[in-house]
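Only one structure is covered here, and it is reproduced in the block below.
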Amino acid sequence: MITFPAKLRPVLVMEPALVPLFEMAGAPFTVLADVAWGELDAALRRAPATTLVVADPYAGLRRGDGFPRVRDLLRSFPSVPVVAALELRPEIAGDVAMLLEWGVSEVVSVGTESTPRAVAARLRQAHVRPLKRALEAALSPYVNAESRQILMAAAEVAAEGGLAAELAARLGVTARTLTVRCARAELPAPRQVQAWLRVLLACMLLDDPGRTVYGAAYASGYQTERSLRRAITAFLGVDSTTLRKAGAFSTASAAFNGALRDAREAARERRRAERR
-12 MITFPAKLRP VLVMEPALVP LFEMAGAPFT VLADVAWGEL DAALRRAPAT
38 TLVVADPYAG LRRGDGFPRV RDLLRSFPSV PVVAALELRP EIAGDVAMLL
88 EWGVSEVVSV GTESTPRAVA ARLRQAHVRP LKRALEAALS PYVNAESRQI
138 LMAAAEVAAE GGLAAELAAR LGVTARTLTV RCARAELPAP RQVQAWLRVL
188 LACMLLDDPG RTVYGAAYAS GYQTERSLRR AITAFLGVDS TTLRKAGAFS
238 TASAAFNGAL RDAREAARER RRAERR
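Read in our numbering, the sequence shown has 244 at position 257, and its numbers run on one by one without any break.
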(Lines of atoms letter the chains of each structure in order from A and count residues from 1; the text may use other names and numbers.)
(Lines give C-alpha, C1' and ligand atoms only; values in the text may rest on other atoms or scores of the structure.)
Protein backbone atom coordinates (compact mmCIF):
# COMPACT_ATOMS: atom_id res chain seq x y z
CA MET A 1 0.00 0.00 0.00
CA ILE A 2 1.37 3.39 -0.98
CA THR A 3 2.17 5.86 1.81
CA PHE A 4 1.47 9.52 1.09
CA PRO A 5 4.09 11.88 2.55
CA ALA A 6 2.97 14.55 5.00
CA LYS A 7 3.27 18.23 4.02
CA LEU A 8 4.43 17.46 0.49
CA ARG A 9 2.50 17.30 -2.77
CA PRO A 10 2.50 13.73 -4.10
CA VAL A 11 3.03 13.31 -7.84
CA LEU A 12 1.98 9.84 -9.00
CA VAL A 13 4.03 9.19 -12.13
CA MET A 14 2.50 6.30 -14.02
CA GLU A 15 5.37 5.58 -16.44
CA PRO A 16 8.89 4.89 -15.07
CA ALA A 17 10.53 6.67 -18.00
CA LEU A 18 8.96 9.96 -16.86
CA VAL A 19 10.25 9.77 -13.28
CA PRO A 20 13.60 11.61 -13.82
CA LEU A 21 11.86 14.50 -15.58
CA PHE A 22 9.37 15.14 -12.77
CA GLU A 23 11.84 14.53 -9.96
CA MET A 24 13.57 17.69 -11.18
CA ALA A 25 10.65 19.77 -9.89
CA GLY A 26 11.86 19.27 -6.30
CA ALA A 27 10.07 20.39 -3.12
CA PRO A 28 7.22 20.71 -2.32
CA PHE A 29 6.57 17.98 -4.90
CA THR A 30 7.56 14.38 -4.24
CA VAL A 31 7.42 11.75 -6.95
CA LEU A 32 5.79 8.39 -6.20
CA ALA A 33 6.35 5.85 -8.93
CA ASP A 34 5.25 2.55 -7.41
CA VAL A 35 1.54 2.71 -8.30
CA ALA A 36 0.33 0.61 -11.21
CA TRP A 37 -2.73 1.62 -13.23
CA GLY A 38 -4.67 -1.22 -11.64
CA GLU A 39 -3.93 0.19 -8.17
CA LEU A 40 -4.57 3.84 -8.99
CA ASP A 41 -8.26 4.00 -8.06
CA ALA A 42 -7.62 2.57 -4.59
CA ALA A 43 -4.69 4.95 -4.04
CA LEU A 44 -6.68 8.03 -5.08
CA ARG A 45 -9.58 7.21 -2.77
CA ARG A 46 -7.34 8.03 0.20
CA ALA A 47 -4.96 10.50 -1.42
CA PRO A 48 -4.75 14.11 -0.18
CA ALA A 49 -6.16 16.87 -2.37
CA THR A 50 -2.59 17.93 -3.15
CA THR A 51 -2.04 14.76 -5.22
CA LEU A 52 -1.36 14.98 -8.96
CA VAL A 53 -1.23 12.20 -11.54
CA VAL A 54 1.27 12.33 -14.41
CA ALA A 55 0.80 10.01 -17.36
CA ASP A 56 1.89 9.58 -20.95
CA PRO A 57 -1.50 9.09 -22.64
CA TYR A 58 0.10 7.08 -25.45
CA ALA A 59 1.97 4.61 -23.21
CA GLY A 60 1.04 1.05 -24.12
CA LEU A 61 -1.46 2.20 -26.75
CA ARG A 62 -1.61 2.71 -30.48
CA ARG A 63 -2.65 5.93 -32.19
CA GLY A 64 -6.43 6.05 -32.37
CA ASP A 65 -7.09 3.91 -29.29
CA GLY A 66 -8.70 6.89 -27.55
CA PHE A 67 -6.75 6.98 -24.25
CA PRO A 68 -9.15 4.75 -22.27
CA ARG A 69 -7.10 4.81 -19.05
CA VAL A 70 -6.91 8.60 -18.93
CA ARG A 71 -10.59 8.92 -19.86
CA ASP A 72 -11.66 6.51 -17.13
CA LEU A 73 -9.43 8.28 -14.58
CA LEU A 74 -10.98 11.66 -15.38
CA ARG A 75 -14.49 10.21 -15.16
CA SER A 76 -13.88 8.50 -11.82
CA PHE A 77 -11.86 11.33 -10.24
CA PRO A 78 -12.63 14.59 -12.09
CA SER A 79 -11.22 16.61 -9.18
CA VAL A 80 -7.74 15.03 -9.42
CA PRO A 81 -5.28 17.15 -11.43
CA VAL A 82 -3.96 15.06 -14.33
CA VAL A 83 -0.85 16.11 -16.24
CA ALA A 84 -0.30 14.65 -19.69
CA ALA A 85 3.40 14.24 -20.47
CA LEU A 86 4.18 13.69 -24.13
CA GLU A 87 6.24 14.90 -27.03
CA LEU A 88 4.30 17.75 -28.61
CA ARG A 89 4.18 17.44 -32.37
CA PRO A 90 1.87 19.13 -34.91
CA GLU A 91 0.21 15.85 -35.84
CA ILE A 92 -1.10 15.25 -32.30
CA ALA A 93 -2.66 18.70 -31.85
CA GLY A 94 -6.14 17.17 -32.09
CA ASP A 95 -5.34 14.61 -29.39
CA VAL A 96 -4.02 17.33 -27.07
CA ALA A 97 -7.15 19.43 -27.61
CA MET A 98 -9.30 16.39 -26.80
CA LEU A 99 -7.37 15.67 -23.58
CA LEU A 100 -7.76 19.27 -22.42
CA GLU A 101 -11.46 19.18 -23.26
CA TRP A 102 -11.83 16.03 -21.14
CA GLY A 103 -10.34 17.85 -18.17
CA VAL A 104 -6.57 17.24 -18.23
CA SER A 105 -5.13 20.09 -16.18
CA GLU A 106 -1.78 20.59 -17.92
CA VAL A 107 0.29 19.26 -20.79
CA VAL A 108 4.06 18.96 -20.35
CA SER A 109 6.23 18.57 -23.42
CA VAL A 110 8.92 16.03 -22.63
CA GLY A 111 11.01 17.46 -25.45
CA THR A 112 11.19 21.16 -24.58
CA GLU A 113 10.02 21.74 -20.99
CA SER A 114 12.84 19.80 -19.39
CA THR A 115 14.12 22.40 -16.92
CA PRO A 116 13.30 22.13 -13.20
CA ARG A 117 11.66 25.55 -13.18
CA ALA A 118 9.41 24.79 -16.16
CA VAL A 119 8.31 21.41 -14.81
CA ALA A 120 7.62 22.83 -11.32
CA ALA A 121 5.60 25.69 -12.84
CA ARG A 122 3.43 23.24 -14.79
CA LEU A 123 2.82 21.14 -11.68
CA ARG A 124 1.88 24.21 -9.62
CA GLN A 125 -0.61 25.33 -12.26
CA ALA A 126 -2.09 21.84 -12.58
CA HIS A 127 -2.42 21.47 -8.82
CA VAL A 128 -4.89 24.31 -8.33
CA ARG A 129 -6.67 24.23 -11.69
CA PRO A 130 -9.61 21.88 -10.97
CA LEU A 131 -10.94 23.89 -8.01
CA LYS A 132 -10.25 27.27 -9.62
CA ARG A 133 -11.90 26.16 -12.86
CA ALA A 134 -14.98 24.90 -11.01
CA LEU A 135 -15.18 28.04 -8.87
CA GLU A 136 -14.79 30.42 -11.79
CA ALA A 137 -17.61 28.67 -13.64
CA ALA A 138 -19.88 28.73 -10.59
CA LEU A 139 -19.43 32.31 -9.37
CA SER A 140 -22.29 34.72 -9.89
CA PRO A 141 -21.67 37.46 -12.48
CA TYR A 142 -22.39 39.95 -9.70
CA VAL A 143 -19.11 39.05 -7.96
CA ASN A 144 -16.76 41.97 -8.62
CA ALA A 145 -13.19 41.78 -9.90
CA GLU A 146 -11.51 42.38 -6.54
CA SER A 147 -13.65 39.68 -4.94
CA ARG A 148 -12.73 37.24 -7.70
CA GLN A 149 -9.03 37.91 -7.18
CA ILE A 150 -9.31 37.13 -3.47
CA LEU A 151 -11.49 34.08 -4.08
CA MET A 152 -9.13 32.61 -6.67
CA ALA A 153 -6.26 33.02 -4.20
CA ALA A 154 -8.43 31.40 -1.52
CA ALA A 155 -9.06 28.47 -3.87
CA GLU A 156 -5.31 27.99 -4.28
CA VAL A 157 -4.84 28.09 -0.50
CA ALA A 158 -7.69 25.63 0.08
CA ALA A 159 -6.20 23.20 -2.44
CA GLU A 160 -2.97 23.32 -0.44
CA GLY A 161 -4.69 22.82 2.91
CA GLY A 162 -4.13 26.39 4.11
CA LEU A 163 -6.20 28.74 6.25
CA ALA A 164 -6.80 32.50 6.44
CA ALA A 165 -3.21 33.19 7.52
CA GLU A 166 -1.95 31.49 4.37
CA LEU A 167 -4.42 33.49 2.28
CA ALA A 168 -2.96 36.73 3.63
CA ALA A 169 0.53 35.49 2.84
CA ARG A 170 -0.52 34.43 -0.66
CA LEU A 171 -1.85 37.93 -1.32
CA GLY A 172 1.23 39.54 0.26
CA VAL A 173 -0.66 41.44 2.98
CA THR A 174 -1.08 41.31 6.74
CA ALA A 175 -4.06 39.61 8.36
CA ARG A 176 -5.50 43.02 9.27
CA THR A 177 -5.10 44.32 5.72
CA LEU A 178 -6.78 41.19 4.37
CA THR A 179 -9.77 41.82 6.63
CA VAL A 180 -9.99 45.37 5.24
CA ARG A 181 -9.67 44.12 1.66
CA CYS A 182 -12.41 41.54 2.15
CA ALA A 183 -14.72 44.20 3.58
CA ARG A 184 -13.95 46.56 0.70
CA ALA A 185 -14.56 43.76 -1.81
CA GLU A 186 -17.93 43.02 -0.13
CA LEU A 187 -16.80 39.56 0.96
CA PRO A 188 -17.28 37.74 4.27
CA ALA A 189 -14.42 37.84 6.76
CA PRO A 190 -11.23 35.99 5.69
CA ARG A 191 -11.75 33.01 8.01
CA GLN A 192 -15.28 32.59 6.68
CA VAL A 193 -14.07 32.85 3.08
CA GLN A 194 -11.45 30.19 3.64
CA ALA A 195 -13.89 27.95 5.49
CA TRP A 196 -16.27 28.19 2.54
CA LEU A 197 -13.50 27.31 0.10
CA ARG A 198 -12.63 24.23 2.11
CA VAL A 199 -16.29 23.15 1.99
CA LEU A 200 -16.35 23.78 -1.76
CA LEU A 201 -13.17 21.72 -2.19
CA ALA A 202 -14.68 18.86 -0.20
CA CYS A 203 -17.88 19.04 -2.26
CA MET A 204 -15.91 18.94 -5.50
CA LEU A 205 -14.22 15.79 -4.20
CA LEU A 206 -17.57 14.31 -3.15
CA ASP A 207 -18.70 14.54 -6.77
CA ASP A 208 -15.94 12.06 -7.70
CA PRO A 209 -17.72 8.71 -8.15
CA GLY A 210 -14.64 6.92 -6.81
CA ARG A 211 -14.45 8.74 -3.46
CA THR A 212 -16.04 7.96 -0.12
CA VAL A 213 -17.05 10.68 2.34
CA TYR A 214 -14.07 9.63 4.45
CA GLY A 215 -11.76 9.99 1.44
CA ALA A 216 -13.14 13.44 0.63
CA ALA A 217 -12.75 14.54 4.25
CA TYR A 218 -9.15 13.35 4.43
CA ALA A 219 -8.26 14.83 1.04
CA SER A 220 -9.72 18.27 1.84
CA GLY A 221 -7.99 18.61 5.19
CA TYR A 222 -10.72 17.78 7.69
CA GLN A 223 -9.52 15.90 10.75
CA THR A 224 -12.29 13.31 10.58
CA GLU A 225 -15.23 12.30 8.43
CA ARG A 226 -17.47 13.61 11.20
CA SER A 227 -15.82 17.05 10.94
CA LEU A 228 -16.72 17.23 7.27
CA ARG A 229 -20.28 16.08 7.92
CA ARG A 230 -20.66 18.81 10.56
CA ALA A 231 -19.29 21.44 8.18
CA ILE A 232 -21.69 20.35 5.44
CA THR A 233 -24.63 20.59 7.82
CA ALA A 234 -23.50 23.97 9.19
CA PHE A 235 -22.84 25.60 5.82
CA LEU A 236 -25.37 23.87 3.60
CA GLY A 237 -28.09 22.60 5.93
CA VAL A 238 -28.16 19.09 4.45
CA ASP A 239 -26.54 15.74 5.17
CA SER A 240 -23.79 14.34 2.96
CA THR A 241 -25.99 11.63 1.42
CA THR A 242 -28.61 14.14 0.28
CA LEU A 243 -25.84 16.46 -0.90
CA ARG A 244 -24.23 13.85 -3.13
CA LYS A 245 -27.57 12.89 -4.68
CA ALA A 246 -28.31 16.54 -5.50
CA GLY A 247 -24.80 17.26 -6.83
CA ALA A 248 -22.42 18.32 -4.10
CA PHE A 249 -20.50 21.11 -5.78
CA SER A 250 -23.48 22.65 -7.56
CA THR A 251 -25.42 22.70 -4.28
CA ALA A 252 -22.50 24.15 -2.34
CA SER A 253 -21.66 26.77 -4.96
CA ALA A 254 -25.29 27.95 -5.04
CA ALA A 255 -25.20 28.35 -1.26
CA PHE A 256 -21.85 30.14 -1.50
CA ASN A 257 -23.23 32.57 -4.06
CA GLY A 258 -26.07 33.20 -1.61
CA ALA A 259 -23.58 33.94 1.16
CA LEU A 260 -21.70 36.31 -1.15
CA ARG A 261 -24.96 38.06 -2.04
CA ASP A 262 -25.76 38.50 1.66
CA ALA A 263 -22.27 39.93 2.25
CA ARG A 264 -22.69 42.40 -0.63
CA GLU A 265 -26.06 43.57 0.66
CA ALA A 266 -24.72 43.95 4.21
CA ALA A 267 -21.72 45.96 2.98
CA ARG A 268 -23.92 48.29 0.96
CA GLU A 269 -26.31 48.75 3.86
CA ARG A 270 -23.38 49.74 6.07
CA ARG A 271 -22.25 52.31 3.52
CA ARG A 272 -25.75 53.75 3.26
CA ALA A 273 -25.95 54.01 7.05
CA GLU A 274 -22.58 55.81 7.16
CA ARG A 275 -23.82 58.44 4.69
CA ARG A 276 -26.90 59.30 6.74
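The C-beta atom is built at its ideal place from N, Cα and C for all residues, glycine as well. As the structure is a prediction and not an experimental result, all values here were calculated from the model.
Between Leu31 and Gly197 the beta-carbon gap is near 7 Å, inside 8 Å, which marks them as a contact.
Using a 10 angstroms sphere on the CB of Thr211, the tally of other CB atoms stays under 16, which defines it as exposed. Taking C-beta atoms under 8 Å as the contact rule, Met1 and Val41 qualify, at a distance of about 7 Å.
Note that the stretch 151 to 167 does not touch the stretch 119 to 133; fewer than 3 beta-carbon pairs, one per stretch, sit closer than 8 Å. In the displayed model, Ala176 falls within coil according to three-state DSSP, outside both helix and strand. The distance from the Cβ of Leu118 to that of Met191 is about 6 Å, consistent with a contact at the 8 Å cut-off.
Contact between Phe54 and Pro44 holds, with the beta-carbon distance rounding to 5 Å and staying under 8 Å. Assignment of beta-bridge partners to Pro(-3) by DSSP yields Thr17. Judged by DSSP in its simplified three-state form, Ser96 adopts strand. Note: Ala42 is bridge-paired with Ala71 in the DSSP secondary-structure output.
Take the alpha-carbon of Phe243 and the one of Thr229: they are about 17 Å apart. With a cut-off of 8 Å on Cβ pairs, the stretch 168 to 175 is in contact with the stretch 242 to 257, counting three or more such pairs. The C-alpha of Ala203 lies about 11 Å from the C-alpha of Ala235. Counting C-beta pairs with one atom in each stretch, the stretch 204 to 223 and the stretch 91 to 100 have fewer than three that are closer than 8 Å, which means they do not touch.
Take Ala107, set aside five residues on each side of it, and the residues of its chain with a beta-carbon closer than 6 Å to its own are Ala12, in chain order.
Here Leu184 is actually not in contact with Ala241; their C-beta atoms are around 15 Å apart, not less than 8 Å. DSSP places Asp82 inside the alpha helix (DSSP H), whose first and last residues are 80 to 89. Excluding five sequence positions before and after Ala145, the CB atoms of its chain that fall closer than 7 Å to its own CB belong to Leu118, Gln181, Leu184, Arg185, Leu188, given in chain order.
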